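Down below is the structure, laid out as structure tokens.
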Amino acid sequence: MPQGAHRPQAYLCRRFTPGVEAALRERYGLRVNEDDSILSRDQIVRAAQGAQVLFVTATEPINADVLRSLAGTLRYVATLSVGHDHIDLAAAHELGIQVLHTPDVLSVACSEIAMMLMLNACRRAYEADRLVRSGQWHGWSPTQLLGKGLAGRRAAIFGMGRIGREIAARARAFGMEIHYHNRRRLPPDQEGGAVYHASLAGLLRVADVLVIAAPGAPQLKGVINADAIALMPPQSVLVNISRGDLVDDDALIAALESRRLFAAGLDVFANEPRIDARYRGLDNVFLSPHIGSATLETRDAMGWLLIDGLDALYRGSKPGNLLEPR
Numbered sequence: 214m215p216q217g218a219h220r221p222q223a224y225l226c227r228r229f230t231p232g233v234e235a236a237l238r239e240r241y242g243l244r245v246n247e248d249d250s251i252l253s254r255d256q257i258v259r260a261a262q263g264a265q266v267l268f269v270t271a272t273e274p275i276n277a278d279v280l281r282s283l284a285g286t287l288r289y290v291a292t293l294s295v296g297h298d299h300i301d302l303a304a305a306h307e308l309g310i311q312v313l314h315t316p317d318v319l320s321v322a323c324s325e326i327a328m329m330l331m332l333n334a335c336r337r338a339y340e341a342d343r344l345v346r347s348g349q350w351h352g353w354s355p356t357q358l359l360g361k362g363l364a365g366r367r368a369a370i371f372g373m374g375r376i377g378r379e380i381a382a383r384a385r386a387f388g389m390e391i392h393y394h395n396r397r398r399l400p401p402d403q404e405g406g407a408v409y410h411a412s413l414a415g416l417l418r419v420a421d422v423l424v425i426a427a428p429g430a431p432q433l434k435g436v437i438n439a440d441a442i443a444l445m446p447p448q449s450v451l452v453n454i455s456r457g458d459l460v461d462d463d464a465l466i467a468a469l470e471s472r473r474l475f476a477a478g479l480d481v482f483a484n485e486p487r488i489d490a491r492y493r494g495l496d497n498v499f500l501s502p503h504i505g506s507a508t509l510e511t512r513d514a515m516g517w518l519l520i521d522g523l524d525a526l527y528r529g530s531k532p533g534n535l536l537e538p539r
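The numbers in the sequence shown follow our numbering, run straight up by one, and end at 539.
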């Protein structure tokens with residue numbers, strides 16, 4: 214916990230869970246973005262003047278200009294996310310600002326969302342829910358809303374990190390065969406019998422259900438494009454819990470409209486929250502509003518990981534969730 218008669222000043226860009234905010238108020242002179250709106254760079258700079266600690270999420274663009282504008286007092290940036298592509302780590306390091314993130318604690322919650330999307334896409338849940346709510350359901354029929362079962366199908370996981378491995382464990386429980394692509398093959402104890410593909414193209418060719426769980430990176434933008442989708446088996450399913458901009462919206466929408474793909478389940482989108490409006494008109498896509506880690510337990514754990522990491526830094530220790538410069 215920060216020491217001294219005067220608590221360090223901190224600014225909270227988005228609202229955290231009540232328990233986490235209470236703990237932050239005990240430690241810091243905390244200023245809060247009370248209406249929880251998404252702030253622009255200029256708004257962050259104005260609001261966070263004088264802060265030693267800046268609490269952010271993946272919605273805040275913390276680039277070099279923001280960091281330089283706050284560098285007079287800013288010592289730490291703490292992001293409530295695993296991903297950190299919204300923060301200029303090189304600039305932070307150059308300015309002597311340390312950055313914390315929240316690895317590990319959200320892997321289970323995100324894997325559950327992946328399975329939710331997979332099941333809802335494969336079993337046509339959006340259409341089923343709408344049928345009942347609209348009053349158009351006239352009774353059971355042997356050919357009504359026929360979907361795809363998961364057992365015996367190939368789950369192709371693009372990105373077999375912590376979250377990917379949790380997805381694999383759950384997909385196995387549904388009787389799926391696990392395939393994956395990573396930059397490197399996993400050791401056998403982590404692979405768990407999954408089939409490794411050295412190339413993304415190789416993975417796509419066997420993807421009955423493609424699950425995108427790769428970390429966001431500039432070189433992966435648009436990697437799932439029309440050529441990539443053309444490699445997937447006909448009537449396959451695409452699930453994305455990673456970053457919206459890994460998928461080419463035009464290509465995915467065309468594949469869904471033509472029924473080249475059976476369905477998709479999406480929790481992330483390019484230009485959130487201003488998603489491509491064409492998705493809203495498709496029956497064969499299940500949409501959720503970036504809720505991969507949205508359980509109370511997980512968000513509490515993420516917040517406490519940042520609190521504990523900052524407590525360690527104020528004690529002069531090095532926490533495990535400190536991001537090193539690239």
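Virtual Cβ for every residue (Gly too), placed ideally from N, Cα, C. This one's a predicted model, so the numbers in the text were calculated from it and none came from an experiment.
My understanding is that residue 261 touches residue 224, with C-beta atoms under 8 Å, so please give their C-beta distance in whole angstroms.
4 Å
Boundaries (first-last residue) of the beta strand (DSSP E) holding residue 292
289-292
Quick one: does residue 483 have its CB under 8 Å from some CB of chain B?
Protein chain content of the structure displayed is limited to a single chain, and chain B is not contained in it.
C-alpha distance - residue 353 paired with residue 496, whole-angstrom precision:
20 Å
Pull up the DSSP beta-bridge partners for residue 432, would you.
Under DSSP, residue 432 forms no beta bridge with any residue.
Residues in the same chain with beta-carbon distance under 7 Å from residue 509, minus the five sequence neighbours each way, listed in chain order, please.
230
Can you tell me which of 234, 307, 243 and 362 puts its alpha carbon nearest to the alpha carbon of residue 222?
The closest CA to that of residue 222, considering only 234, 307, 243 and 362, is found on 243.
Return the Cβ separation of residue 479 and residue 314 in integer angstroms, given the expectation that the two are a contact with Cβ distance under 8 Å.
With 8 Å as the limit, residue 479 and residue 314 do not qualify as a contact, their Cβ atoms being about 24 Å apart.
Could you check where the alpha helix (DSSP H) with residue 528 kicks off and where it finishes?
509-528
With a 10 Å radius around its C-beta and 16 neighbouring C-beta atoms as the bar for buried, classify residue 263 as buried or exposed.
exposed
Are there 16 or more other CB atoms within 10 angstroms of the CB of residue 484, so buried, or fewer, so exposed?
exposed
Below 8 Å between beta carbons: does that hold for residue 392 and residue 411?
no
Put residue 399 into one of helix, strand or coil per three-state DSSP.
coil
Status (buried if at least 16 other CB within 10 Å, exposed otherwise) for residue 320:
buried
Ordered along the chain, which non-local residues of its own chain (more than five positions away) have a Cβ less than 8 Å from that of residue 388?
363, 364 and 365
If distances are taken between C-alpha atoms only, which option among 437, 419, 359 and 418 comes closest to residue 427?
When each option's Cα is compared against that of residue 427, the closest is 437.
Starting from residue 338, trace the alpha helix (DSSP H) in both directions and tell me its first and last residue.
338-346
Give the range of the alpha helix (DSSP H) segment to which residue 233 is assigned.
231-240
Have a look at residue 245 and residue 512 and give me their C-alpha separation to the nearest angstrom.
17 Å
What first and last residue would you give for the beta strand (DSSP E) that runs through residue 394?
First-last of the beta strand (DSSP E) with residue 394: 390-394.
Residue 407: buried (16+ other C-beta within 10 angstroms of its C-beta) or exposed?
buried
Can you find the residues in the same chain that come closer than 6 Å, C-beta to C-beta, to residue 461, ignoring five residues on each side of it along the sequence?
435 and 438
Report the rounded CA-to-CA distance for residue 499 versus residue 452, giving the unit in angstroms.
9 Å
Given that a residue counts as buried once 16 or more other Cβ atoms are within 10 Å of its Cβ, and exposed if not, what is residue 505?
buried
Measure from the alpha carbon of residue 524 to the alpha carbon of each residue in 237, 228, 219 and 227, then state which is nearest.
237
Inspect the beta-carbon positions of residue 267 and residue 252 and report whether they are closer than 8 Å.
no
Roughly how far, in whole angstroms, is the beta-carbon of residue 422 from the beta-carbon of residue 450, given that I think they are within contact range, below 8 Å?
5 Å
Can residue 276 and residue 259 be called in contact, C-beta distance under 8 Å?
no
Between the CA atoms of residue 257 and residue 293 - distance to the nearest angstrom:
16 Å
Apply the 10 Å Cβ neighbour rule to residue 530 and answer buried if 16 or more other Cβ atoms are within range, or exposed otherwise.
exposed
Can you tell me whether residue 412 is helix, strand or coil according to DSSP?
coil
Could you tell me how far apart the beta carbons of residue 489 and residue 466 are, in whole angstroms, since I believe they sit closer than 8 Å?
7 Å
Residues in its own chain within less than 6 Å of residue 298 by CB, not counting five upstream and five downstream?
Only residues of its own chain outside the window of five on either side were considered, and among them 429 have a CB closer than 6 Å to the CB of residue 298, listed in chain order.
Contact defined as beta carbons within less than 8 Å: I believe residue 455 pairs with residue 379. What is the distance between those atoms, to the nearest angstrom?
Residue 455 to residue 379, Cβ: 14 Å. No contact.
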